[in-house]
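Participant: First to last, the protein sequences are chains X and D.
Mapping to the working numbering: the first sequence position 100 is 123, numbers consecutive.
Mapping to the working numbering: the second sequence position 62 is 80, numbers consecutive.
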Amino acid sequence: MAASLVEIGIALAAVALAGLAANRVGLSVIPAYIVAGILVGPEWPTEVLGVSLQLVAYGEFIAVAAELGIVFLLFFLGLEFSVGQLLADRKRITKAGSVDFLLNFGAGVALGVLFGRTPLETLLIAGVVYISSSAVVTKSIIDRGWVANPEAEPILGTLVFEDIVIAVYLALVAALLTGAGDLAGAAMDVARAFAFLGAVAVVAWYGTDYVERAFDLPNDELFLLHVLGATTLVAGAALATGVSEAVAAFFVGTAFSQTPHTERIEDVVAPVRDLFAAVFFFAIGLTTDVTVLAGVAALLAVAVVLTTGTKLVSGTIGGRVYDLSPTRSLRTGIGLVPRAEFSLVIATLAAGAGGTLADVVPAFTVGYVLAMSVLGTVMIQHADRLTDSLAPLVADVTGE
Amino acid sequence: MRRVVIRGLKLAGAGGTAGGTSSLNNGRYEPRNVTIYETEVPGVGHKFELEIDGDERLVVIIHHDGKRDVYRRPDPDADSEQLFSLTGKQARQLGSILEGAYFQPVELDEVEVPLGEAIIEWTEVGADAPVVGQSIADCDIRSRTGVSVMAIQRGEETIPNPGPDATIETGDVLVTLGSREEHSALSDLVED
């Protein structure tokens, strides 16, 4: 017991220090947590100056805590998913979101085909490069003050669109990965997954009143335990029936999003999400063998350059959909460049699948997220130089 | 995005409740729509944009943890500049100040002067003034100028409500009640 406690202590301390360091240099904490996991984990580097760096193993506790990290990341995505906002602004959100999906998911498919990957690997790579990081994007546009500017609208609108796509996508991919090899079996699994999720979604939509009353609890402690219990139980039941636990958690979140409990959840449950999410990113680092990255270096390099470009273009078009100036449209593109947590959630699915899929996709994703979360943040910080040089070009192309 | 239009009164300073309205500037009660735009910012909280004058907007971000960031955007093409950031408690205090609940200013024109036309003034007695050495009764200040002497300040000492036999000396400060004209007559009498 003492050894396990020390190990978890080392893990949490490493995460805390990494987060502090990232904060100091103004970068996202997510890549820092991953690097912390790589450093103290079982893979390279294993020692420094004769001192062992294999301090934390990927044990069951960390694995389950990381799983809870996924569940609560998606739970909050569902909680903060605003149906009202989507409906009120559906035309522009659909336009900007579709362009974003076509260009970036399309770029992922092109990469898979270009590098001779299997259809399933290609599908996963496309998902990884498509979805922007809500966490990194939101934090960056607040730090930069863009949140108070008109460009916040297409940025947040596109994120809302991505939320829906990712819910459907995860449900689909999870079913495909766990499913039987043949097409009929896969179709059955997908059908079953959507039936389960459909049931959760219906309860979420029509059960708002019930949820509101059931969680009207007198103190925060009881409230926290109820929310954690309900969410984890539904997610666990989903996983047990071969359905994406992440998407189930997403729908549990949406069930709460229509109730007055949202503020209290943000207050009381968010710290729990932060803890488990940090462990999730750290665990990704633990399981990452950096030396495998060499095998996907070419794919990685091309993906970073290509999908930075496609996000810039799709975001700029999204900004134009909102009638923004060239500079603000470019900022929309720059703002959406960071990829992080949801790409890693997708990679975790692949890691659980086994085979070559479990080697290539997670390694690629870790390298990709490390690059894109840092590159995206830095691009947002130095956006003025980019927009100054690119704005005339955008004005030319769009004929302003 | 939700757009809330508050049909109400133009908010031109507080004090609308103070006394009669006749002397307040025209247009204060002109109806005007204050448009507030509300947007959810997922994971952060809510964003409110208030139209101020013309294209200028105030942007308030209310975080889930209660923190408020206030930005100002001078015109649609400009970037929003952050003006300040407040905790929930500070924001409520500022809010009540802005609302006028914390301190209700009284327009100066509206101050009801309890003394009618009269004001209180302080006048120093010059060395060569003809009244030096005389008592208040002797120099007959009341009938010569119209003011009433309420007190005499002599150095550190104050003689309140001086009687008719109180004498006036060089350097005394007379605290007197009267109209402006009466006070200018007093000044002619006691200053050099």
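All C-beta atoms in this analysis are idealised placements derived from N, C-alpha and C, irrespective of residue type, glycine included.
How long is the line joining the alpha carbons of Gly45/D and Asp71/D, rounded to whole angstroms?
Facilitator: Counting from one through the second sequence, the residue named residue 45/D turns up at place 27. Counting from one through the second sequence, the residue named residue 71/D turns up at place 53. Confidence at Gly45/D is low in this model, with a pLDDT of 35, below 50, so the placement of that residue is unreliable and no value is reported for it.
Participant: Report the residue from Ile115/D, Gly118/D, Asp95/D and Asp87/D whose alpha carbon sits nearest the alpha carbon of Leu10/D.
Facilitator: Residue numbering for chain D in the displayed model covers 19 to 210; residue 10/D lies beyond these limits and cannot be assessed.
Participant: Using 8 Å as the Cβ pair cut-off and three pairs as the minimum, do the segment 170-186 of chain X and the segment 334-353 of chain X touch?
Facilitator: The answer is yes - the segment 334-353 of chain X touches the segment 170-186 of chain X, with three or more Cβ pairs under 8 Å.
Participant: Am I right that Val327/X and Ala406/X are in contact with their C-beta atoms under 8 Å? What's the rounded C-beta distance?
Facilitator: Here residue 327/X is taken as the residue at index 304 of the first sequence, counted from 1. Here residue 406/X is taken as the residue at index 383 of the first sequence, counted from 1. At roughly 18 Å, the Cβ-Cβ gap does not stay under 8 Å, so Val327/X and Ala406/X are not in contact.
Participant: Within 10 angstroms of the Cβ of Pro60/D, are there 16 or more other Cβ atoms? Answer buried if so, exposed if not.
Facilitator: Along the second sequence, one-based indexing puts residue 60/D at 42. Classification for Pro60/D: buried.
Participant: Output needed for Glu139/D: all residues of its chain with C-beta closer than 7 Å, excluding positions within five of it in sequence on either side, in chain order.
Facilitator: Position 121 of the second sequence, counting from 1, holds the residue named residue 139/D. These residues qualify, in order along the chain: Thr194 and His201.
Participant: Of all the CB atoms in chain X, is at least one closer than 7 Å to the CB of Val77/D?
Facilitator: In the second sequence, counting from the first residue as 1, residue 77/D sits at position 59. Answer yes: the Cβ-Cβ gap between Val77/D and chain X drops below 7 Å somewhere.
Participant: Alpha carbon to alpha carbon, how far is Ala374/X from Ala158/X?
Facilitator: The residue labelled residue 374/X in the question sits at position 351 within the first sequence. The residue labelled residue 158/X in the question sits at position 135 within the first sequence. Each residue's Cα considered, the two are about 23 Å apart.
Participant: When you compare each of Val188/X, Asp312/X, Gly276/X and Val292/X to Val58/X by their alpha carbons, which one comes out closest?
Facilitator: The residue you call residue 58/X lines up with position 35 of the first sequence. It is Asp312/X whose Cα lies nearest to the Cα of Val58/X.
Participant: Quick check on Ser166/D: does DSSP put it in helix, strand or coil?
Facilitator: Within the second sequence, numbered from 1, the residue matching residue 166/D stands at position 148. Strand.
Participant: What residue does the beta strand (DSSP E) around Arg75/D start on, and which one ends it?
Facilitator: Residue 75/D sits at position 57 when you count from the first residue of the second sequence. Arg75/D -> beta strand (DSSP E) spans Arg75 to His81.
Participant: Identify every residue that forms a DSSP beta bridge with Thr185/D.
Facilitator: Residue 185/D sits at position 167 when you count from the first residue of the second sequence. Answer is Ser153/D, bridged to Thr185/D.
Participant: Using CA coordinates, which residue listed in Ser348/X, Asp239/X, Phe138/X and Ala293/X is at the minimum distance from Ala320/X?
Facilitator: Residue mapping note: residue 320/X aligns to position 297 of the first sequence, counting from 1. Among Ser348/X, Asp239/X, Phe138/X and Ala293/X, the Cα nearest to that of Ala320/X belongs to Phe138/X.
Participant: To the nearest angstrom, how far is it from the Cα of Asn242/X to the Cα of Leu248/X?
Facilitator: Indexing the first sequence from 1 puts residue 242/X at position 219. Indexing the first sequence from 1 puts residue 248/X at position 225. Rounded to whole angstroms, Asn242/X to Leu248/X spans 10 Å at the Cα level.
Participant: Taking buried to mean at least 16 other C-beta atoms within 10 Å of its own C-beta, is Asp166/X buried or exposed?
Facilitator: On the first sequence, position 143 is the one that residue 166/X refers to. The residue is exposed, with fewer than 16 neighbouring Cβ atoms inside 10 Å.
Participant: Quick one: list the residues of chain D neighbouring Asn46/X, beta-carbon separation under 9 Å, in chain order.
Facilitator: For the purposes of this step, residue 46/X is identified with residue 23 of the first sequence, where counting begins at 1. The contacting residues do not exist; Asn46/X stays about 17 Å from chain D at best.
Participant: Flag Tyr55/D as yes if its beta-carbon sits less than 7 Å from any beta-carbon of chain X, otherwise no.
Facilitator: Position 37 of the second sequence, counted from the start, is the residue given in the question as residue 55/D. It does not: the Cβ of Tyr55/D has no partner Cβ on chain X nearer than 7 Å.
Participant: Taking only runs of the beta strand (DSSP E) that begin and end inside the segment 123-181 of chain X, which ones reach a length of at least 3 residues, in chain order?
Facilitator: Runs found: none.
Participant: Since Val62/D meets chain X, which of its residues come closer than 8 Å, beta carbon to beta carbon?
Facilitator: Residue numbering aside, residue 62/D sits at position 44 when the second sequence is read from its first letter. Simply Thr161, Ile165 and Val170.
Participant: Could you check the C-alpha separation between Arg362/X and Ala119/D for me, to the nearest Å?
Facilitator: Along the first sequence, one-based indexing puts residue 362/X at 339. Along the second sequence, one-based indexing puts residue 119/D at 101. C-alpha separation (whole angstroms): 47 Å.
Participant: Taking the beta carbon of Met402/X as the centre, do at least 16 other beta carbons fall within 10 Å, making it buried, or is it exposed?
Facilitator: Looking up residue 402/X in the first sequence gives position 379. Per the 10 Å Cβ criterion, buried.
Participant: Checking the sheet assignment: what are the DSSP bridge partners for Thr176/D?
Facilitator: Within the second sequence, residue 176/D is the residue found at index 158, counting from 1. Its beta-bridge partners are Gln171/D.
Participant: Whose CA, out of Gly150/X, Ile31/X, Glu90/X and Ala26/X, lies closest to the CA of Phe365/X?
Facilitator: By 1-based counting over the first sequence, the position of residue 365/X is 342. Among Gly150/X, Ile31/X, Glu90/X and Ala26/X, the Cα nearest to that of Phe365/X is on Gly150/X.
Participant: Starting from the beta carbon of Arg110/D, find every residue of chain X whose beta carbon is closer than 9 Å, and list them in chain order.
Facilitator: To locate residue 110/D, count along the second sequence from 1; it is residue 92. Result: empty, since nearest Cβ-Cβ is about 16 Å, beyond 9 Å.
Participant: Output yes if chain D places a C-beta closer than 7 Å to the C-beta of Ser121/X; else output no.
Facilitator: Within the first sequence, the letter at position 98 stands for residue 121/X. Chain D contact via Cβ: absent.
Participant: Roughly how many angstroms separate the alpha carbons of Asp419/X and Val336/X, rounded to a whole number?
Facilitator: As a position in the first sequence, residue 419/X is number 396, starting the count at 1. As a position in the first sequence, residue 336/X is number 313, starting the count at 1. Cα to Cα, the separation comes out at about 14 Å.
Participant: Where do the ends of the alpha helix (DSSP H) carrying Arg362/X lie?
Facilitator: For the purposes of this step, residue 362/X is identified with residue 339 of the first sequence, where counting begins at 1. No alpha helix (DSSP H) holds Arg362/X; DSSP gives it neither H nor E.
Participant: According to DSSP, simplified to helix, strand and coil, what is Trp228/X?
Facilitator: Translated into the one-based positions of the first sequence, residue 228/X becomes position 205. Residue state, collapsed to three classes: helix.
Participant: Find the nearest neighbour of Ile79/D within the set Pro92/D, Asp93/D and Leu101/D, judged by alpha-carbon distance.
Facilitator: Taking the second sequence and counting its residues from 1, one reaches residue 79/D at position 61. The shortest Cα separation from Ile79/D among Pro92/D, Asp93/D and Leu101/D belongs to Leu101/D.
Participant: Suppose contacts are defined by Cβ-Cβ distances below 7 Å. Is Phe304/X in contact with Tyr153/X by that definition?
Facilitator: The count along the first sequence starts at 1 and reaches residue 304/X at position 281. The count along the first sequence starts at 1 and reaches residue 153/X at position 130. Cβ distance not < 7 Å, so Phe304/X and Tyr153/X don't count as in contact.
Participant: Can you list, in chain order, the residues of its chain with a C-beta nearer than 7 Å to that of Thr285/X? Leave out the 5 residues immediately preceding and following it.
Facilitator: Locating residue 285/X in the first sequence gives position 262, counting from the first residue. Cβ neighbours of Thr285/X beyond the five flanking positions: Leu102 and Phe279.
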